[in-house]
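Trainee: I'd like to ask some things about the structure below.
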Amino acid sequence: MAMSENDVHYDVHAVEKKWLPVWERLDPFRADDAVVTSGEKPKRYALTMFPYPSGDLHMGHAEVFALHDVIARYWRFRGYEVLNPMGWDSFGLPAENAAIRNDEHPATYTYANIETQFESMKRYGISFDWSRRLHTSDPEYYRWTQWLFLKFRERGLAYRKNSPVNWCPNDQTVLANEQVLADGTCERCGAEVTKRELTQWYFKTTEYAQELYDALDGLQATWIDKVVNAQRNWIGRSEGAHVRFDVDGHDPITVFTTRPDTLWGATFMVVAADAKLAAELVSDEQRQALEDYVADVRKASDIDRLATDRPKTGVFLGVHAVNPVNGERIPVWASDYVLADYGTGAIMAVPAHDQRDLDFARAMDLPVRRVVDTGEDNPEESGVATSGNGTYVNSGPLDGLTDKTAGIHQVIELLEADGHGSGTVNFRLRDWLLSRQRYWGAPIPVIHCPVDGEVPVPEDQLPVELPELRGADLKPKGTSPLGAATEWVNVSCPTCGGPATRDTDTMDTFVDSSWYFFRYLSPHDDSQAFDPALAAAWGPIDLYIGGDEHAVLHLLYARFFTKVLRDMGLIDWDEPFSAYLSQGKVINNGRKMSKSLGNGVSLGEQLDSFGVDAVRLTLVFASPPEDNIDWADVSPAGSAKFLQRAWRLSGDVTSAPGVDPATGDVALRKATHKTVHEAAQLLESYRFNVVVARVMELVNATRKAIDSGCGPEDPAVREAAETVAILLSLVAPYTAEEMWERLGHEPTVAQVPWPTVDEALLVEDAVTAVVQIQGKVRGRLEVSPDISEADLEAAALADPAVQKAIDGREVRKVIVRAPKLVNIVV
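As structure tokens, this is what we get:
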């Protein structure tokens, strides 16, 4: 589309074609390690989440890249050496599923899409340092993913165990807890998640649970509350006690409870039906009943099992436990409303004060005993559990006490004194299940030997490359397709030399994305995962921009990796992302864009119709970064018209480059310097949309000055036009570069310094003071900004309009807020 109106020569697509090769030749955004390591310039590490290559860029990518580029370019203007890399999260289910749908090999499909996205990104004009480009599916990358896995294993942080796991029947693979949505469905495909008993690999994230939780306090000021709270809730720290219950004929059961003070109300115990503990405890008479029940339990998701309105079911295990505070023998049941991976997989049930326990007790005709009198109806009679504070009853030594905290501490002391328990902290966070029964991922670098067991692949044999398996059926079948690659699977044991087999699972793609920002530091280094000296110089990331859909998954895993790498001595910082900015979504007519809904908007079509700059400007101007943008409510055509007006200014300037602006029109200079001053403040607080508004105002002010006789030769007009070009390059780089050239400068505008603000031009010559009588405006005075309260009061009382309004009445009180307000009470 040509922006024609009065300037037929401004064709946006011609301008794009003109400047892309210039930028490629000049390479203005390449970060210089030496400048930072030497201390010559301060650094800024700008990072945005790298994309999955499962198709071309979409409107969501367009928004986040445009927002991200504003801050990266601004930092360069302010004199920082900026590291702004980009790559592709090219392993994993999104790319693999897309490849299978298109009947292509994942490698063929993935790398073709990477090139498509790469060309789109270059066209979009983002200031990425392409010399650091990486793909997580390259052997040069996943060699170090495998190396890190082995290092984690050496530290006891990677291990293999058999347990009930989340299973996606559609993707035919296991999922980490974090990959199951709140409604019990797979976050990748939406299928309902079930349970399976499998032997899988885990990262021991729980080893860092306390530190991950505590460190959130320090992030509260620079991360949005929603994301911090999501992390805090997922880690789920709770204080309480471990309580030991002796069991007839078995080892004691230990349970975690946040309310040990209610032990006198524990009238039965419940074990997760699918936990190993239930199978160990069950009597021979009840074993078949338990097995039948467990078969049904595994058909339900964790979310379904925890639903408060779900009918309570269970099986008596045929054994009793002993309540440690009163010696009562209480029955032990198995049920689906207790999860195997929470705490110890068993709970003490206090039905009077927990609704799920009460519902279970009523369903199974088990006793209910109130131990805290809250003043409400007795739960045994009402069927409603009471969870508030009150007076202890039926609680032995606690009877009559009303302080819950004192009650908890007293019971913990009793338990510790007789060896039946201890105070402790529990976390909701579980270890990260990282095995995947899929092809397109980093192979787990472990060999299984019948003699030596689990044997790590020697480091000099890394990477363990994926076999190509071209022509093979890679559709998910519940077991890894790698198992069919017999020549690849069957190897010699590195320890004994005997026959052995490779592990056929691959790693979760979130392993790749948990450390990619380290690899950007030295992406072509074949001797180490990354250079610790460069990590010390560049890290941590100063601002990370991405969607809040990763508020738990990716951010938590990246934080875990960072802390492990610190403890390995590879870095000297604790948190990866000093600040985090979460952008909203681009929707259409109030709904998420979807082909099935028929409301999708093609980014490519928008770029072809309006040009890159108009789309970028529209996305940045539409709203604050964290808000959603409804494409039906915005106008890229309007943005295109504004860009034409801005561009036209650069052709109107007739003064020479370098002319002293001090001799120019003062009013226009004030507008220019005020714009620069406010823009810096707004950019620092991520109010990018308001910055665009200020640039629009400056364009209008400059046009008005020219049309009202200021003259295109006035140095103030050049200063204003150059300022517009510099500020506009934050969001519309093609237009800005074209303006900069027309103003007589060499490219590129992105490398010039931030305009210097003359503080004297920010001082207002006069301000308007409002005079109110009885709260109603009765006069306005033009006064000096530094007028004293006494002088302002005198001027207000002497004003003829104010005197007329007072009309001889007694002035009882005058409230002065110099220089803008006088309030007179008569």
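For my numbering, add 808 to where a residue sits in the sequence shown, where the first one is 1.
Note that CB positions come from ideal geometry on N, CA and C, so glycine has one too.
Classify residue 811: buried if its beta carbon has 16 or more other beta carbons within 10 angstroms, exposed otherwise.
Mentor: Working through the sequence shown from its first residue, we reach residue 811 at position 3. The predicted model places residue 811 with a pLDDT of 40, which falls under 50 and marks its position as unreliable; any figure quoted below should be read in that light. When all chains shown are included, residue 811 counts as buried.
Trainee: How should residue 905 be labelled, buried or exposed, when 16 other C-beta atoms within 10 angstroms of its C-beta is the threshold for buried?
Mentor: Translated into the one-based positions of the sequence shown, residue 905 becomes position 97. Buried is the call here.
Trainee: Answer with yes or no whether the minimum CB distance from residue 1458 to chain C is below 8 Å.
Mentor: The question asks about chain C, but that chain is absent: this structure has only one protein chain.
Trainee: Three-state secondary structure (DSSP) at residue 908?
Mentor: Here residue 908 corresponds to residue number 100 of the sequence shown, with the count starting at 1. The answer is helix: DSSP assigns residue 908 an H, G or I state.
Trainee: If residue 1506 and residue 1480 are in contact, beta carbons under 8 Å, what's the gap, nearest whole angstrom?
Mentor: Translated into positions along the sequence shown, residue 1506 becomes position 698. Translated into positions along the sequence shown, residue 1480 becomes position 672. So it is a contact: roughly 6 Å between Cβ atoms.
Trainee: According to DSSP, is residue 1503 part of a helix, a strand, or is it coil?
Mentor: Numbered from 1 along the sequence shown, position 695 holds the residue referred to as residue 1503. Three-state result, residue 1503: helix.
Trainee: Buried or exposed for residue 825, going by 16 or more other Cβ atoms inside 10 Å?
Mentor: Numbered from 1 along the sequence shown, position 17 holds the residue referred to as residue 825. Per the 10 Å Cβ criterion, exposed.
Trainee: Where residue 1599 and residue 1574 are concerned, what is the direct C-alpha to C-alpha distance, given to the nearest angstrom?
Mentor: Working through the sequence shown from its first residue, we reach residue 1599 at position 791. Working through the sequence shown from its first residue, we reach residue 1574 at position 766. When rounded, the distance between both Cα atoms is 15 Å.
Trainee: What do you get for residue 869, buried or exposed, if any count of 16 or more other CB atoms within 10 angstroms of its CB means buried?
Mentor: The residue given as residue 869 occupies position 61 in the sequence shown. Residue 869 should be labelled buried.
Trainee: Whole angstroms are fine: how far does the CA of residue 1592 sit from the CA of residue 1632?
Mentor: In the sequence shown, counting from the first residue as 1, residue 1632 sits at position 824. In the sequence shown, counting from the first residue as 1, residue 1592 sits at position 784. Residue 1632 and residue 1592: Cα-Cα distance of roughly 20 Å.
Trainee: Mind checking which residues open and close the beta strand (DSSP E) that includes residue 1391?
Mentor: As a first step, residue 1391 must be located in the sequence shown, where it is residue number 583. Residues 1388–1391.
Trainee: Give me whichever residues DSSP pairs with residue 891 in a beta bridge.
Mentor: Within the sequence shown, the letter at position 83 stands for residue 891. DSSP, once it has assigned bridges, lists 853 as partnering residue 891.
Trainee: Going by CA-CA distance only, name the one from 1214, 1108, 1190 that's closest to residue 1070.
Mentor: The residue given as residue 1070 occupies position 262 in the sequence shown. Among 1214, 1108, 1190, the Cα nearest to that of residue 1070 belongs to 1214.
Trainee: Answer with buried or exposed for residue 1304, where buried requires no fewer than 16 other C-beta atoms within 10 angstroms of its C-beta.
Mentor: Mapped onto the sequence shown, residue 1304 falls at position 496. So residue 1304 ends up on the exposed side.
Trainee: According to DSSP, is residue 1129 helix, strand or coil?
Mentor: By 1-based counting over the sequence shown, the position of residue 1129 is 321. Three-state result, residue 1129: strand.
Trainee: Would you mind working out which of 1462, 1046, 1024 sits nearest residue 1037, comparing C-alpha positions?
Mentor: Position 229 of the sequence shown, counted from the start, is the residue given in the question as residue 1037. Among 1462, 1046, 1024, the Cα nearest to that of residue 1037 belongs to 1024.
Trainee: Rank 1308, 1571, 1501 by C-alpha distance to the C-alpha of residue 1477 and give the top, closest one.
Mentor: Numbered from 1 along the sequence shown, position 669 holds the residue referred to as residue 1477. Residue 1571 is the option with its Cα nearest to residue 1477.
Trainee: Leaving out the 5 sequence neighbours to the left and right, which residues in its chain are closer than 7 Å to residue 1260 when beta-carbon positions are compared?
Mentor: Your numbering for residue 1260 matches position 452 in the sequence shown. The residues are 1301, 1303, 1304.
Trainee: Would you check if the distance between the CB atom of residue 945 and the CB atom of residue 899 is smaller than 8 Å?
Mentor: Locating residue 945 in the sequence shown gives position 137, counting from the first residue. Locating residue 899 in the sequence shown gives position 91, counting from the first residue. Contact flag set, yes.
Trainee: Would you say residue 1356 and residue 1390 are within 8 Å of each other, going by their C-beta atoms?
Mentor: For the purposes of this step, residue 1356 is taken as the residue at position 548 of the sequence shown. For the purposes of this step, residue 1390 is taken as the residue at position 582 of the sequence shown. It is a contact, given that the beta carbons lie within the stated cut-off.
Trainee: Going by the DSSP bridge assignment, what does residue 1580 pair with across the sheet?
Mentor: Taking the sequence shown and counting its residues from 1, one reaches residue 1580 at position 772. The partner list for residue 1580 (beta bridge, DSSP) reads 1585, 1631.
Trainee: Just the Cα atoms here: how many angstroms apart are residue 814 and residue 1501?
Mentor: Taking the first residue of the sequence shown as position 1, residue 814 is located at position 6. Taking the first residue of the sequence shown as position 1, residue 1501 is located at position 693. Per-residue confidence for residue 814 stands at a pLDDT of 45, beneath the threshold of 50, marking its modelled position as unreliable; the derived number appears in the next sentence. Distance between the alpha carbons of residue 814 and residue 1501 is about 23 Å.
Trainee: For residue 1621 and residue 1590, I'd like the C-alpha separation in whole angstroms.
Mentor: Position 813 of the sequence shown, counted from the start, is the residue given in the question as residue 1621. Position 782 of the sequence shown, counted from the start, is the residue given in the question as residue 1590. When rounded, the distance between both Cα atoms is 22 Å.
Trainee: Could you give the first and the last residue of the continuous alpha helix (DSSP H) run that contains residue 1028?
Mentor: On the sequence shown, residue 1028 is found 220 positions in, with the first residue counted as 1. Where residue 1028 is concerned, there is no enclosing alpha helix (DSSP H), given that its DSSP letter is neither H nor E.
Trainee: Look up residue 1547 in the DSSP assignment and give the residues it is bridged to.
Mentor: For the purposes of this step, residue 1547 is taken as residue 739 along the sequence shown, with counting starting at 1. Its beta-bridge partners do not exist; DSSP assigns none.
Trainee: What does the alpha-carbon distance come out to for the pair residue 845 and residue 1347?
Mentor: In the sequence shown, counting from the first residue as 1, residue 845 sits at position 37. In the sequence shown, counting from the first residue as 1, residue 1347 sits at position 539. Between residue 845 and residue 1347, the C-alpha separation is close to 11 Å.
Trainee: Compare the Cα-Cα distances from residue 1000 to each of 1181, 1108, 1494 and report the closest residue.
Mentor: For the purposes of this step, residue 1000 is taken as the residue at position 192 of the sequence shown. Of 1181, 1108, 1494, the residue nearest in Cα terms is 1108.
Trainee: Go through the region 1179–1267 residue by residue and report every complete run of the beta strand (DSSP E) that reaches 3 residues or more, in order.
Mentor: If we require 3 residues or more, the beta strand (DSSP E) runs fully inside the region 1179–1267 come out as 1229–1235, 1254–1257, 1261–1264.
Trainee: Using only alpha-carbon positions, find the residue among 1034, 1018, 1339 that is nearest to residue 1236.
Mentor: Translated into the one-based positions of the sequence shown, residue 1236 becomes position 428. Nearest option by C-alpha distance: 1018.
Trainee: Strictly by DSSP, which residues pair up with residue 1304?
Mentor: Along the sequence shown, one-based indexing puts residue 1304 at 496. Answer is none; residue 1304 lacks a bridge partner.
Trainee: Give me the Cα-Cα distance between residue 1199 and residue 1178, rounded to the nearest whole angstrom.
Mentor: The residue you call residue 1199 lines up with position 391 of the sequence shown. The residue you call residue 1178 lines up with position 370 of the sequence shown. Going from the Cα of residue 1199 to the Cα of residue 1178 covers about 11 Å.
Trainee: On the criterion of 16 or more Cβ atoms from any shown chain inside 10 Å, does residue 874 qualify as buried, or is it exposed?
Mentor: Residue 874 sits at position 66 when you count from the first residue of the sequence shown. Flag for residue 874 reads buried.
Trainee: Can you confirm whether the region 1247–1265 touches the region 1042–1057 when touching is taken to mean that 3 or more C-beta pairs between the two stretches lie within less than 8 Å?
Mentor: Verdict: no, contact absent.
Trainee: Would you call the region 1164–1184 and the region 1058–1075 in contact, with 3 or more CB pairs under 8 Å?
Mentor: Verdict: yes, contact present.
Trainee: Return the first residue and the last residue of the alpha helix (DSSP H) that residue 1290 is part of.
Mentor: Working through the sequence shown from its first residue, we reach residue 1290 at position 482. From DSSP, residue 1290 is part of no alpha helix (DSSP H); its letter is neither H nor E.
Trainee: Which residues share a DSSP beta bridge with residue 1139?
Mentor: If you number the sequence shown from 1, residue 1139 lands on position 331. In the DSSP output, where bridge partners are listed per residue, residue 1139 has 1128.
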